[in-house]
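**Q** Residue numbers (the numbering used here): 93 to 401.
Using N, Cα and C, we set each Cβ at its ideal position, and we do this for glycine too.
Can you keep this structure in mind? I'll have questions shortly.
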Amino acid sequence: MQRRTTLRRFFIACSFAFLVAWLPGSVCLTPANVHAWEPKNEAVVAGHAFLQLDAPSLTESSGLAFSHVAPQCVWSHNDSGDKARLYAFTNSGEYCGRLVLRGVTAHDWEDMASFDDGGARLLVADVGDNDAQRKSVSLYLFDEPDPRKRSYVNSFQHLVIRYPGGPRNCESVAVDVRRRRILMLGKSPLLATMYEIPLPERPPGDRSAAGPSVIELEAKPIQTLAIPLATGMDLCPTTGDLWISNYLQAYRFPASKRIPLETRLRQIPDIFELPKLKQVEAIAVDGKGRVWVTSEGIPAKMQRLAFTP
């Protein structure tokens, strides 16, 4: 009897979770506790104080992504002038690990993303082009190693991206696993063009010593939106909302099953004021739907937007 009751409760719980995930007008992607980032300082959690990222070499924090391998860790990287490496930090801001992409030159790393695609994955975006002179830009995709260790990544997918009509500057990239695409938002003083490219399938098996695989793609423009000088972008892992940052504000385009992103980008987004940091360069959403930004400067800092998800 006890076993039947337990099984019945399990079935009801699973059915409820399924129904919630498919309620009209909502997009439930990832349970909030799968990779829940939880700083130890209550003022930091509330968005009233910044978290200092204690790595002297991280002087121009330009990307931010929460680890799917170690829930209490976060990744960041420098803008330009650094080696091809990522820095990892604990939820107290302590430097805890490093990742180096072997055989890669970092030209102008502007953003990064973490996502689950049959396993924990990272994307690093070498897409900055202030003078619009690069014939192509690069995205690097690879399995996320343990952020609490020092790692060297030999095997990765190298996406060589070209834009129709010539070079473009870009600082904002996000991964939409559900629709198998990567979003890239241009940076300009007035209007910004959103591009998409297909998200390649994750390579099967152990490719730890296989070296890079190169894929050449052309970015497809899907919409133009009035967000000047965009510096970062991320998709909320729990709702699917699209978040974009510039130097002054954050913009949220709520997810919808009925309305495609191309149409939603024509609508007026929700607008939020940013924390008072030096120069916001990236935005990331944690596993509970809380939104964080990071800023250039020494020491590097990250801070939560003070609103309730």
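Note down, in chain order, each residue of its chain lying with its Cβ closer than 8 Å to the Cβ of E388, except the 5 sequence neighbours on either side.
**A** Position 296 of the sequence shown holds residue 388. The residues are T151, E152, S153, S154, D171, K370, Q371, E373.
**Q** How long is the line joining the alpha carbons of Q315 and L353, rounded to whole angstroms?
**A** Residue mapping note: residue 315 aligns to position 223 of the sequence shown, counting from 1. Residue mapping note: residue 353 aligns to position 261 of the sequence shown, counting from 1. Distance between the alpha carbons of Q315 and L353: 9 Å.
**Q** Across which residues does DSSP place S228 in a beta bridge pair?
**A** On the sequence shown, position 136 is the one that residue 228 refers to. Bridge partners of S228: none, in fact.
**Q** Tell me where the beta strand (DSSP E) around T355 begins and ends.
**A** What you label residue 355 is simply residue 263 of the sequence shown in a count that begins at 1. From DSSP, T355 is part of no beta strand (DSSP E) but of the alpha helix (DSSP H) over 353–356.
**Q** Within the same chain, show all residues whose beta-carbon is closer than 7 Å to that of S228, passing over the 5 residues directly before and after it, in chain order.
**A** As a first step, residue 228 is located in the sequence shown; it is residue number 136 there, counting from the start. Only V252, I253, R254 meet the Cβ criterion.
**Q** Kindly give me the distance between the Cβ atoms of A180 and R240, rounded to whole angstroms, as I take these residues to be in contact under 8 Å.
**A** One-based indexing of the sequence shown puts residue 180 at position 88. One-based indexing of the sequence shown puts residue 240 at position 148. That belief holds up - the Cβ atoms of A180 and R240 are roughly 7 Å apart, short of 8 Å.
**Q** Sort out for me which residues DSSP pairs K393 with in a bridge.
**A** Taking the first residue of the sequence shown as 1, we reach residue 393 at position 301. Answer is Q144, S387, bridged to K393.
**Q** I need the boundaries of the beta strand (DSSP E) containing A376, first residue and last residue.
**A** Along the sequence shown, read from residue 1 onward, the residue named residue 376 stands at position 284. Unbroken beta strand (DSSP E) run through A376: 372–377.
**Q** First and last residue of the alpha helix (DSSP H) that includes V137?
**A** Working through the sequence shown from its first residue, we reach residue 137 at position 45. Start and end: 134–138.
**Q** Tell me, please, which residues DSSP counts as bridged to H250.
**A** As a working mapping, residue 250 is identified with position 158 in the sequence shown. Per DSSP, Y232, V306.
**Q** Answer with buried or exposed for T386, where buried requires no fewer than 16 other C-beta atoms within 10 angstroms of its C-beta.
**A** Your numbering for residue 386 matches position 294 in the sequence shown. Buried, by the Cβ-count rule.
**Q** How is C188 classed by DSSP in three states: helix, strand or coil?
**A** Position 96 of the sequence shown, counting from 1, holds the residue named residue 188. DSSP places C188 in strand when its eight states are reduced to three.
**Q** Cα separation between V216 and S280?
**A** Here residue 216 is taken as the residue at index 124 of the sequence shown, counted from 1. Here residue 280 is taken as the residue at index 188 of the sequence shown, counted from 1. Straight-line Cα distance between these residues: approximately 21 Å.
**Q** Relative to the C-alpha of M204, which candidate in F345, Q249, M325, S305 has its C-alpha closest?
**A** As a first step, residue 204 is located in the sequence shown; it is residue number 112 there, counting from the start. The shortest Cα separation from M204 among F345, Q249, M325, S305 belongs to M325.
**Q** Between P329 and Y287, which are expected to be in contact by the criterion C-beta below 8 Å, what is the C-beta distance as a whole number of angstroms?
**A** On the sequence shown, position 237 is the one that residue 329 refers to. On the sequence shown, position 195 is the one that residue 287 refers to. Contact doesn't hold; Cβ gap of about 22 Å is too wide.
**Q** By the 10 Å Cβ neighbour count, where 16 or more other Cβ atoms means buried, how is L198 classified, buried or exposed?
**A** Within the sequence shown, numbered from 1, the residue matching residue 198 stands at position 106. First, the amino acid is wrong: residue 198 is Ala here, not Leu. Buried.
**Q** Please list the terminal residues of the continuous beta strand (DSSP E) segment that includes E288.
**A** Taking the first residue of the sequence shown as position 1, residue 288 is located at position 196. From DSSP, the beta strand (DSSP E) with E288 extends over 284–290.
**Q** Can you give me the C-alpha to C-alpha distance between P231 and W335, rounded to a whole angstrom?
**A** Locating residue 231 in the sequence shown gives position 139, counting from the first residue. Locating residue 335 in the sequence shown gives position 243, counting from the first residue. Looking at the sequence itself, residue 231 is Leu, so the reference to Pro does not match. Cα to Cα, L231 sits roughly 20 Å from W335.
**Q** For the beta strand (DSSP E) that contains R344, what are its first and last residues?
**A** Looking up residue 344 in the sequence shown gives position 252. Per DSSP, R344 belongs to the beta strand (DSSP E) from 341–345.
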